[in-house]
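Beneath this line is the structure, given in structure tokens, with notes to follow.
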Amino acid sequence: MQTLKRTLNDHIAQELEAITGLASVNANVITSSKREFGDYQANGVMALAKQLGRNPRELGAELIARLESGKLPLVERYELAGPGFINIHLSSEALSQRANEILASPELLIASTDTPLTIVVDYSSPNLAKEMHVGHLRGTIIGDCISRVLERQGHRVIRQNHVGDWGTQFGMLITFMRESDASKDVALADLETFYRAAKEKFDSDPEFATRSREAVVKLQGGDEETLNAWRSFIDTSLTHCQAVYDKLNVTLTLGDLKPESFYNPELHSVVERLESAGLLSESEGARCVFLDEFKGKDDKPLPVIIQKSDGGYLYATTDLAAIDYRSHALNADRSLYVVDARQSLHFQQVFAVAAAAGFSSPSISLEHISYGTMMGSDGKPFKTRSGDTVKLVELLDEAVTRAFALVTEKNPGLDEDERHEIATAVGIASVKYSDLSKNRTSDYVFDWSTMLSFEGNTAPYLMYAYARIKSLLAKQIDAELQGRLLLNPTAFNEPEEKLLLVKALQLAETIEAVGQDCFPNTLSNYLYELAGVFMRFYEACPIQGAAPEIRSHRLALCLLAAEALKQGLELLGINTLERM
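The numbers in the sequence shown follow our numbering, run straight up by one, and end at 607.
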């Protein structure tokens, strides 16, 4: 089942191509901004008229004449407006038929793609030398939302958790453990404290730093004793990570791990291939690639360092091996890197080197899905009052604690176990939604009071809207109506009914946009708008006491809205509740 927008866009584009004789015409169908402009608008006529040197209103009139003669069942009527806009009013009958099919099979609410792709999504990717902190939140939940959306569209999604497990920090930890008084068990019990102590020594003791780097070379060279110590740190860190993933309700598992160490056997080959391609140069003892399109402020080419003077490899080396693996072993059509915006230059350079050296296949799309920083109220990256990095698990625990106090205040009569269950769902959802509702490329300020509010564009508001609809349906659907709710195209008496119907059906095109552009806030904003449209419908269209055919029709609209809210929230990684 095609989305409303795609159905309209394809049909109108086809008619414009017939009129103009041009190929690949853009009808530019968009959702109308105001009710009086119809349900959708086609805005492509003006640009096309300018290209052809024609009067846009004349071209618009000719288009409407063709559209009216070859009537699309989805459309009730077209209107020519302004300098050439085409207002599109949809047919209640066609919309009702589409909605009734969805009510019978809710999976039809989101359209499956006609062209399923293999898509790698590289996300979360914590540094396994220490516990996950708040800086890992955005990459983890944005990547998870994108993965869920693409999978729901029918694409083959391969999650890749490219964890950092193979760098200088491990040489530092291994060396510190060997040379300190702490036993291995003590070190692993509090990895964060142990890491801080090791880092302090690394920064203050040049000889220790040298020994740490030597340990990295031994690790990369396969020294068994060093590998055993390394495995201890990895196993402990992975336990911490999986606990956070489970608490966050993200879909990453140990089976999705593709750590830096996975690519270690290929790094020597990466260097050889770059050498054979004539791309390697030596600079201050290091082996680098210089590309003309990347220059610094002094107009000198910027290096992509492939191998350090001591023989160690860098992130770029591993990333090139990963691109090769994803291109040629996984045969990916798209490879998405959900990584901090501060790494933009790194990925631009690595993608360019990969293309120049043949690590990336000509058909793969390499995409950096960048995101900004979570800030504190002081406008700086979010930290504790003492200036320490906040552990992610501690942030989530605090969210649940705050949500429990809120639930207890609002509904003290609930059983304590149920209040804990609701608080866990609301607390985790609030942290996730607060992030996912922001444009991912922007920094945003973390604010407890805003994210836990039951008003505004928040998780509690949307979860409550869903629970309210489910409560309404439970009270109103009697045995006679059970399983028989249908929309009646002759029962649309109020404009709010059709507005809700169209809005619920627009989930499909919203998901299509998120799958293409990877902005989860598009979905968040849609859900907030849907909840608002439902509230206006509920106030304007009484259900209790309405005539039987009207009551059934409006309950069907409620059921469709609930389904759209539920499916949309699930794609954000948020569990819904039927009582709050």
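In this text, a Cβ means the ideal position worked out from N, Cα and C, and glycines have one as well.
Between which two residues does the alpha helix (DSSP H) holding residue i run?
i, result
"tyrosine 352", "342–355"
"proline 575", "575–598"
"glutamine 543", "534–544"
"aspartate 230", "218–231"
Are the beta-carbon atoms belonging to residue i and residue j less than 7 Å from one another?
i, j, result
"alanine 343", "valine 366", "no"
"serine 163", "leucine 363", "A small fix is needed here, since residue 163 is histidine in this sequence, not serine. Cβ distance not < 7 Å, so histidine 163 and leucine 363 don't count as in contact."
"lysine 465", "asparagine 548", "yes"
"alanine 518", "glutamate 576", "yes"
"alanine 156", "tyrosine 222", "yes"
"phenylalanine 321", "phenylalanine 409", "no"
"leucine 604", "alanine 430", "no"
"isoleucine 449", "valine 434", "yes"
"leucine 94", "tyrosine 105", "yes"
"isoleucine 496", "cysteine 585", "yes"
"arginine 446", "valine 147", "no"
"leucine 218", "threonine 263", "yes"
"alanine 76", "leucine 90", "no"
"threonine 30", "alanine 588", "no"
"cysteine 172", "leucine 489", "no"
"leucine 107", "alanine 88", "yes"
"serine 152", "valine 190", "yes"
"valine 244", "glycine 338", "yes"
Grouping DSSP H, G and I as helix and E and B as strand, with all else coil, what is residue i?
i, result
"glutamate 524", "helix"
"alanine 382", "helix"
"histidine 160", "strand"
"cysteine 568", "coil"
"asparagine 36", "helix"
"cysteine 315", "strand"
"methionine 478", "helix"
"glycine 170", "helix"
"histidine 116", "strand"
"isoleucine 129", "helix"
"methionine 28", "coil"
"threonine 416", "coil"
"asparagine 466", "coil"
"serine 404", "coil"
"serine 608", "This structure gives no information on residue 608, because the portion of the chain shown stretches from 28 to 607."
Roughly how many whole angstroms lie between the Cα atoms of residue i and residue j?
i, j, result
"glutamate 425", "tyrosine 398", "24 Å"
"phenylalanine 203", "lysine 228", "8 Å"
"serine 392", "glutamine 180", "18 Å"
"lysine 98", "threonine 140", "26 Å"
"glutamate 128", "glutamate 134", "10 Å"
"proline 487", "glycine 198", "45 Å"
"glutamate 311", "threonine 237", "18 Å"
"serine 388", "isoleucine 201", "38 Å"
"threonine 400", "glycine 483", "22 Å"
"proline 569", "alanine 138", "31 Å"
"isoleucine 168", "leucine 144", "22 Å"
In terms of residues, what are the limits of the beta strand (DSSP E) holding residue i?
i, result
"alanine 69", "67–69"
"tyrosine 398", "392–398"
"alanine 108", "102–108"
"glutamine 269", "Looking at the DSSP string, glutamine 269 is not in any beta strand (DSSP E); the run it does join, the alpha helix (DSSP H), is 251–275."
"proline 83", "Counting along the chain, proline 83 falls outside any beta strand (DSSP E), though it belongs to the alpha helix (DSSP H) covering 83–96."
"tyrosine 364", "361–367"
"proline 330", "328–334"
Note down, in chain order, each residue of its chain lying with its Cβ closer than 8 Å to the Cβ of residue i, except the 5 sequence neighbours on either side.
i, result
"cysteine 315", "Leu307, Ser308, Glu309, Pro330, Val331, Ile332 and Ile333"
"alanine 492", "Ala558, Phe561, Met562 and Leu592"
"leucine 35", "Ala54, Val56, Tyr67, Ala69, Leu99, Leu101, Val102 and Ile115"
"arginine 62", "Pro522 and Leu526"
To which residues of the same chain is residue i closer than 7 Å at the C-beta, ignoring the five residues directly before and after it?
i, result
"arginine 300", "Ala384"
"asparagine 291", "Trp193 and Gln247"
"leucine 254", "Leu246"
Return the chain-ordered list of same chain residues with a C-beta closer than 6 Å to the C-beta of residue i, the five sequence neighbours on each side being excluded.
i, result
"valine 541", "Val176, Thr549 and Leu550"
"aspartate 346", "Val377"
"valine 427", "Ala450, Thr451 and Gly454"
"aspartate 283", "Arg186 and Asn188"
"lysine 274", "Leu423"
Below 6 Å, is the gap between the Cβ of residue i and the nearest heavy atom of the ligand MN?
i, result
"glutamate 158", "Summarising the ligand content, the structure contains no ligands, and the ligand MN is consequently not present."
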